[in-house]
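Take a look at the structure below.
Residue numbers (full-length UniProt numbering): 1 to 189.
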(Lines of atoms letter the chains of each structure in order from A and count residues from 1; the text may use other names and numbers.)
(Lines give C-alpha, C1' and ligand atoms only; values in the text may rest on other atoms or scores of the structure.)
Protein backbone atom coordinates (compact mmCIF):
# COMPACT_ATOMS: atom_id res chain seq x y z
CA UNK A 1 0.00 0.00 0.00
CA UNK A 2 2.78 2.41 0.94
CA UNK A 3 4.55 1.81 -2.36
CA UNK A 4 1.43 2.68 -4.38
CA UNK A 5 1.05 5.93 -2.45
CA UNK A 6 4.69 6.86 -3.21
CA UNK A 7 4.20 6.21 -6.93
CA UNK A 8 1.07 8.36 -6.96
CA UNK A 9 2.89 11.26 -5.25
CA UNK A 10 5.78 11.04 -7.71
CA UNK A 11 3.36 11.05 -10.62
CA UNK A 12 1.66 14.15 -9.26
CA UNK A 13 5.00 15.96 -9.04
CA UNK A 14 5.85 15.00 -12.62
CA UNK A 15 2.42 16.11 -13.83
CA UNK A 16 2.75 19.43 -12.00
CA UNK A 17 6.20 19.94 -13.56
CA UNK A 18 4.79 19.15 -17.00
CA UNK A 19 1.96 21.61 -16.46
CA UNK A 20 4.37 24.35 -15.43
CA UNK A 21 6.51 23.59 -18.49
CA UNK A 22 3.52 23.86 -20.81
CA UNK A 23 2.45 27.12 -19.15
CA UNK A 24 6.01 28.46 -19.58
CA UNK A 25 6.04 27.56 -23.28
CA UNK A 26 2.66 29.25 -23.83
CA UNK A 27 3.87 32.35 -21.99
CA UNK A 28 7.03 32.47 -24.13
CA UNK A 29 4.97 32.12 -27.31
CA UNK A 30 2.63 34.95 -26.29
CA UNK A 31 5.50 37.26 -25.32
CA UNK A 32 7.50 36.32 -28.44
CA UNK A 33 4.53 37.02 -30.69
CA UNK A 34 4.04 40.40 -29.04
CA UNK A 35 7.70 41.29 -29.53
CA UNK A 36 7.59 40.23 -33.18
CA UNK A 37 4.44 42.27 -33.83
CA UNK A 38 5.94 45.29 -32.06
CA UNK A 39 9.15 45.02 -34.09
CA UNK A 40 7.18 44.60 -37.33
CA UNK A 41 5.09 47.69 -36.59
CA UNK A 42 8.11 49.80 -35.70
CA UNK A 43 9.94 48.60 -38.82
CA UNK A 44 6.97 49.39 -41.07
CA UNK A 45 6.61 52.84 -39.49
CA UNK A 46 10.35 53.49 -39.98
CA UNK A 47 10.19 52.42 -43.63
CA UNK A 48 7.10 54.50 -44.37
CA UNK A 49 8.73 57.58 -42.83
CA UNK A 50 12.07 57.23 -44.63
CA UNK A 51 11.13 55.87 -48.08
CA UNK A 52 9.65 59.15 -49.40
CA UNK A 53 12.81 60.99 -48.34
CA UNK A 54 14.92 58.73 -50.57
CA UNK A 55 13.42 60.27 -53.71
CA UNK A 56 15.65 63.29 -53.19
CA UNK A 57 18.80 61.25 -53.78
CA UNK A 58 20.28 61.26 -57.31
CA UNK A 59 18.58 58.56 -59.35
CA UNK A 60 15.52 58.46 -57.09
CA UNK A 61 13.88 55.13 -56.48
CA UNK A 62 15.83 53.43 -59.26
CA UNK A 63 19.12 54.11 -57.49
CA UNK A 64 17.65 53.14 -54.11
CA UNK A 65 16.40 49.83 -55.52
CA UNK A 66 19.76 49.13 -57.13
CA UNK A 67 21.74 49.85 -53.97
CA UNK A 68 19.39 47.75 -51.84
CA UNK A 69 19.75 44.89 -54.35
CA UNK A 70 23.55 45.01 -54.09
CA UNK A 71 23.30 45.02 -50.27
CA UNK A 72 21.07 41.94 -50.46
CA UNK A 73 23.52 40.02 -52.64
CA UNK A 74 26.54 40.92 -50.52
CA UNK A 75 24.65 40.01 -47.34
CA UNK A 76 23.65 36.64 -48.77
CA UNK A 77 27.21 35.83 -49.84
CA UNK A 78 28.61 36.93 -46.48
CA UNK A 79 26.00 34.87 -44.63
CA UNK A 80 26.81 31.76 -46.64
CA UNK A 81 30.54 32.19 -46.09
CA UNK A 82 30.11 32.87 -42.38
CA UNK A 83 27.73 29.96 -41.84
CA UNK A 84 30.08 27.44 -43.45
CA UNK A 85 32.80 27.94 -40.82
CA UNK A 86 34.73 25.14 -39.16
CA UNK A 87 32.96 23.29 -36.36
CA UNK A 88 36.13 22.62 -34.33
CA UNK A 89 36.42 26.25 -33.19
CA UNK A 90 36.12 27.48 -29.62
CA UNK A 91 32.75 28.49 -28.21
CA UNK A 92 33.71 32.17 -28.48
CA UNK A 93 34.64 31.83 -32.15
CA UNK A 94 31.44 29.89 -32.85
CA UNK A 95 29.42 32.59 -31.06
CA UNK A 96 31.08 35.36 -33.08
CA UNK A 97 30.50 33.37 -36.26
CA UNK A 98 26.84 32.97 -35.38
CA UNK A 99 26.53 36.70 -34.65
CA UNK A 100 28.22 37.47 -37.98
CA UNK A 101 25.84 35.15 -39.79
CA UNK A 102 22.88 36.91 -38.14
CA UNK A 103 24.18 40.32 -39.23
CA UNK A 104 24.74 39.14 -42.80
CA UNK A 105 21.27 37.56 -42.93
CA UNK A 106 19.77 40.83 -41.71
CA UNK A 107 21.67 42.59 -44.51
CA UNK A 108 20.33 40.03 -46.98
CA UNK A 109 16.66 40.18 -45.96
CA UNK A 110 16.41 43.69 -44.51
CA UNK A 111 16.32 45.59 -47.84
CA UNK A 112 13.56 43.36 -49.19
CA UNK A 113 11.42 43.87 -46.10
CA UNK A 114 12.21 47.58 -46.22
CA UNK A 115 10.81 47.81 -49.74
CA UNK A 116 7.85 45.58 -48.87
CA UNK A 117 6.97 47.96 -46.05
CA UNK A 118 6.45 50.68 -48.65
CA UNK A 119 3.55 48.84 -50.24
CA UNK A 120 0.06 49.89 -49.22
CA UNK A 121 -1.67 48.05 -46.39
CA UNK A 122 -4.40 45.61 -47.45
CA UNK A 123 -7.11 46.62 -44.99
CA UNK A 124 -5.77 50.00 -43.91
CA UNK A 125 -7.68 53.09 -45.02
CA UNK A 126 -5.55 55.77 -43.33
CA UNK A 127 -3.10 58.01 -45.15
CA UNK A 128 -0.15 56.30 -43.47
CA UNK A 129 -0.94 53.15 -45.47
CA UNK A 130 -1.26 54.86 -48.86
CA UNK A 131 0.79 53.87 -51.88
CA UNK A 132 4.19 55.55 -51.98
CA UNK A 133 4.82 56.75 -55.55
CA UNK A 134 7.91 55.20 -57.09
CA UNK A 135 7.97 52.00 -55.03
CA UNK A 136 7.22 49.91 -58.14
CA UNK A 137 10.30 51.22 -59.95
CA UNK A 138 12.34 50.61 -56.78
CA UNK A 139 11.18 46.97 -56.76
CA UNK A 140 12.07 46.58 -60.43
CA UNK A 141 15.54 48.07 -59.89
CA UNK A 142 15.95 45.87 -56.79
CA UNK A 143 15.07 42.71 -58.73
CA UNK A 144 17.30 43.61 -61.67
CA UNK A 145 20.31 44.56 -59.57
CA UNK A 146 19.95 41.50 -57.35
CA UNK A 147 19.77 39.21 -60.37
CA UNK A 148 22.61 40.81 -62.34
CA UNK A 149 25.03 41.30 -59.43
CA UNK A 150 24.24 37.83 -58.05
CA UNK A 151 24.86 36.22 -61.44
CA UNK A 152 28.13 38.14 -61.96
CA UNK A 153 29.43 37.23 -58.50
CA UNK A 154 28.44 33.59 -59.03
CA UNK A 155 30.34 33.50 -62.33
CA UNK A 156 33.39 35.15 -60.76
CA UNK A 157 33.45 32.79 -57.75
CA UNK A 158 32.96 29.75 -60.01
CA UNK A 159 35.79 30.87 -62.31
CA UNK A 160 38.14 31.32 -59.35
CA UNK A 161 37.27 27.87 -57.99
CA UNK A 162 37.82 26.28 -61.42
CA UNK A 163 41.17 28.08 -61.74
CA UNK A 164 42.29 26.78 -58.33
CA UNK A 165 41.21 23.24 -59.25
CA UNK A 166 43.10 23.49 -62.55
CA UNK A 167 46.26 24.65 -60.77
CA UNK A 168 45.98 21.75 -58.30
CA UNK A 169 45.55 19.24 -61.15
CA UNK A 170 48.61 20.70 -62.89
CA UNK A 171 50.64 20.51 -59.67
CA UNK A 172 49.69 16.85 -59.17
CA UNK A 173 50.50 16.06 -62.83
CA UNK A 174 53.99 17.56 -62.43
CA UNK A 175 54.55 15.58 -59.23
CA UNK A 176 53.48 12.35 -60.94
CA UNK A 177 55.92 12.98 -63.79
CA UNK A 178 58.74 13.21 -61.24
CA UNK A 179 57.49 10.05 -59.53
CA UNK A 180 56.54 11.86 -56.35
CA UNK A 181 52.81 12.07 -56.90
CA UNK A 182 52.19 8.34 -56.55
CA UNK A 183 50.99 6.61 -53.46
CA UNK A 184 53.48 4.80 -51.19
CA UNK A 185 52.15 1.41 -52.24
CA UNK A 186 52.70 2.18 -55.93
CA UNK A 187 56.20 3.60 -55.28
CA UNK A 188 57.18 0.50 -53.30
CA UNK A 189 56.55 -1.91 -56.20
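Built from N, CA and C at the ideal position, the CB exists for glycine as well.
Predicted model only: the values in this text are computed from it and were never measured.
By the Cβ-count criterion, residue 25 is exposed, with fewer than 16 other Cβ atoms from all chains shown falling within 10 Å of its own Cβ.
Between the region 92-110 and the region 63-80 there are three or more inter-stretch CB-CB distances shorter than 8 Å, so the stretches are counted as touching.
Distance from the CA atom of residue 167 to the CA atom of residue 179, rounded to whole angstroms, is 18 Å.
The region 36-56 and the region 82-97 do not touch, with fewer than 3 CB-CB distances between them shorter than 8 Å. Counting along the chain, the unbroken alpha helix (DSSP H) around residue 114 starts and ends at 91-116. If you compare the alpha carbons of 79, 36, 114 with that of residue 101, the shortest gap goes to 79. If you look at residue 74, you'll find it in the alpha helix (DSSP H) that goes 60-83.
Going by DSSP, residue 159 is part of the alpha helix (DSSP H) stretching over 135-178. Between the region 144-153 and the region 52-69, the count of C-beta pairs closer than 8 Å reaches three or more; the two stretches touch. The beta carbons of residue 139 and residue 43 sit about 17 Å from each other, so the pair does not count as a contact at 8 Å.
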